[in-house]
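**Q** If you scroll down you'll find the structure; I have some questions about it.
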Amino acid sequence: MKGQTVGFRLVSLNLNGIRSAATKGFREWAQAHAPDCMGVQEVKAQAPDVEGVFDHLGDLRGHFHYAQKKGYSGVGLYTRHEPSDVKIGFGNPEFDDEGRWVELRFDKPGRKLSLISCYFPSGSSGEDRQQAKFRFLDAMAPHLAKLKKTREFILVGDVNIAHQEADLKNWKSNQKNSGFLPEERAWMTQLLGTGKGQGGLVDVYRRLHPSTTDECYTWWSNRGQAYAKNVGWRLDYHLATPALAEHAKAAAIYKDQKFSDHAPLTIDYGFKL
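Using the working numbering, the letters of the sequence shown correspond one by one to residues 231 to 503.
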């Protein structure tokens, strides 16, 4: 995707700690890659850690939603364009305390458009967190439906769900594991469905690459030789309203450097902010 003239380049990357990712070159990569906007998740830092250090990436300015708990969660959205409004949190006290939603609005006459960086909970640490994840999904679906009625948007982030069998290497052995549970996959199917009462959103990567398997992964466990053997999962998404998804031109997952246990997902769109 280097040297390609595009309208709008949007990146999503779970940093697994912004300070850790910075030691591995993520800031230099971001500036060289030149996105118009970059959503990051698992910042794992507080405002004093970020301000004056990570609040800008070159000419990209960051907007953040920090978790109340130190060293936990947190999301950011960097942009080279000035938003018309910034929304921190999505109105759910339980999950807003965890720093999971930052929304930048770029409204102008005749257009309402949002870009969102979101970090869905993981349920892999135990049943308590899996139940929290289900509560999050139950709250997120109607929130996205309400948003879709009034504006166009692209949500980027770590959704912590592999939707289909093609989205992870060992799907047969993971059917009872968080991230590939039947209930989670059904939630994604509902969100992406176009029937009456369904979410009607578009999985933009799959729109561009409907049948990729091994090359679609964006996350690898740190255990064993998962990365070396490409035993991965596709957990990072661009979820867009149909009108914006139509503008998607090209997608790339960057694997030449490793900034965290996730890889950056870049999609170029043919619109301008």
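No residue lacks a Cβ here, since even glycine has one placed at the ideal position from N, Cα and C.
1) Which same chain residues, not among the five before or five after Lys363, have their C-beta less than 8 Å away from its C-beta?
2) Considering only the beta carbon of each residue, do Pro494 and Val241 sit closer than 8 Å?
3) Does DSSP put Asn404 in a helix, a strand or coil?
4) By a C-beta neighbour count over all protein chains shown, 10 Å radius and 16 as the cutoff for buried, is Arg330 buried or exposed?
5) Are the CB atoms of His468 and Tyr435 within a distance shorter than 8 Å?
6) Could you name each continuous alpha helix (DSSP H) segment of 4 residues or more that falls completely within the stretch 258–303, going from the start of the chain to the end?
7) Report yes if the C-beta distance between Ile384 and Leu474 is below 8 Å; otherwise report no.
8) Quick check on DSSP: helix, strand or coil for Leu503?
9) Given this structure, state the Cα-to-Cα distance separating Gln234 from Ala481, to the nearest angstrom.
10) Quick one: using the 10 Å Cβ neighbour count with 16 as the cut-off for buried, is Glu382 buried or exposed?
11) Cβ atoms of Ala392 and Trp450: under 8 Å apart, would you say?
**A** Answer, in terms of the structure:
1) Excluding positions up to five away in sequence, the list reads Phe350, Pro351, Ser352, Gly353, Asn390, Ser408 and Glu414.
2) Contact flag set, yes.
3) Asn404: helix per DSSP, three-state reduction.
4) Within a 10 Å sphere around the beta-carbon of Arg330 sit 16 or more other beta-carbons, which makes this residue buried.
5) In terms of Cβ geometry, Tyr435 and His468 form a close pair [threshold 8 Å].
6) Runs of the alpha helix (DSSP H) spanning 4 or more residues and lying entirely within the stretch 258–303 occur at 277–280, in chain order.
7) Yes, these two residues count as a Cβ contact at 8 Å.
8) Three-state result, Leu503: coil.
9) Annotation note: pLDDT 49 at Gln234 (below 50); position unreliable, coordinate value reported separately. Going by the C-alpha atoms only, they are around 12 Å apart.
10) Buried, by the Cβ-count rule.
11) No, they are not a contact pair.
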